[in-house]
Structures are given as C-alpha cells and as structure tokens.
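Here's the structure, in structure tokens; my notes come after.
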Amino acid sequence: MTAQYNENNVFAKIINEEIPCNKVYEDENTLAFHDINPLAKIHILVIPKARYISFNDFIIHSSTTEIVHFFKVVHKIASTIVGGYRLITNHGANAEQIVPHFHVHLLGGGKLSGFSGKF
Ligand code: AMP
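What follows is the structure in structure tokens.
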C-alpha cells in the first residue's frame, strides 16, 4: 500500500504560507528556508513545492525535469556555502524522518561532526 501525503504537515503549511519561514530561495517549484532547529552554523532545508512524502516518493513519482531542476537548485544554494557542505535526506522511520514532505538538509558553515548524532 502506498502512503498518503498528509496535507497537515508543517512544510505543506509553509508552502501554503499558513506559517512563516526564514526563506533562502524560492521559485515556482522549489522553496528553501533555514531549519528552525539548526544542527550546524548553516542548516538549510530545500523542498519541492509538489506533494512528495520523501526522497523515495519524489524519485519514483516525479518527472526527470522535476528531479533535475530540484537538484540544480540544491546545488545553486550549496555553492554559496564556503568551505564545503553536507547533503542529507531522511526516508522512513529508521532514518527518523519526522516531517513527511520530501526535503534535503544542507549543512555547512564550519567543521561538521561525524555521524554519531542524528547527522
Ligand atoms: P527530518 O527529521 O529529516 O524530517 O527533519 C525535519 C526538520 O524540519 C528538522 O530538522 C526540524 O528542525 C525542521 N523543522 C520542523 N519544523 C520547522 C519549521 N517550522 N521551520 C523550519 N524547520 C522546521
């Protein structure tokens, strides 16, 4: 059975402008904003505006054009981070995906820790 997208998730509310975000980038299909609970000096979340639950859902159900556009935007934002960056995306319970709207975490701004914590 395929999981249903939950319209009440916090990122859907940010896309619908029901709740605010600290915006970094926006275009017709994509939104990027600062994580409310940053785990690095720079911690940005990049999301497609379309309703995809996770990376899995996005890759299976989106078009090649959407995938390429999304990751080009991720790269554009990542390229502004001096000194390197880390990309993370969580899928499913074992990865502790909390918000069920596909998102990429973009971390940087200083030396990043290893993978002993959540990241
Ligand atoms: P994940 O565990 O991959 O689902 O990560 C969800 C991320 O969303 C966490 O890092 C949260 O801190 C972040 N988050 C939750 N609510 C908000 C919000 N309103 N604005 C910005 N980031 C949020």
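Numbering follows the numbering used here, with no gaps: position 36 of the sequence shown is 73. Yeah, the Cβ is synthetic: ideal placement off N, Cα and C, and Gly gets one too.
| Asked | Found |
| --- | --- |
| Please name the residue, chosen from ASN53, THR126, LEU82, GLY146, that lies closest to ASN93 on a Cα-to-Cα basis. | THR126 |
| Here's the rule: buried if 16 or more other CB atoms are within 10 angstroms of the residue's CB, otherwise exposed. What is GLY199? | Summary: the structure shown does not reach residue 199, with the chain confined to residues 38 through 156, and so no result is reported for it. |
| Mind listing which residues have their beta carbon within less than 5 Å of any non-hydrogen atom of the ligand AMP? Chain order is fine. | VAL47, ASP72, ILE73, ASN74, ASN127, GLN134, ILE135, VAL136 |
| Please state if the CB of ALA49 and the CB of GLY147 are separated by a distance shorter than 8 Å. | no |
| Taking the alpha helix (DSSP H) that LYS109 belongs to, which residues open and close that run? | 101-115 |
| On the three-state DSSP scale, how would you describe ALA130? | helix |
| By Cβ distance, which residues of its chain are closer than 7 Å to PHE107, with the 5 residues on each side in sequence left out? | THR67, PRO85 |
| With contact counted as at least three CB pairs below 8 Å, one residue from each stretch, are the stretch 44-60 and the stretch 96-106 in contact? | no |
| Would you mind reading off the limits of the alpha helix (DSSP H) that contains GLU50? | One point to set straight first is that residue 50 is Lys, not Glu, in the sequence displayed. Its alpha helix (DSSP H) spans residues 47-52. |
| For SER100, count neighbouring Cβ atoms within 10 angstroms of its own Cβ and tell me buried if that reaches 16, exposed if not. | exposed |
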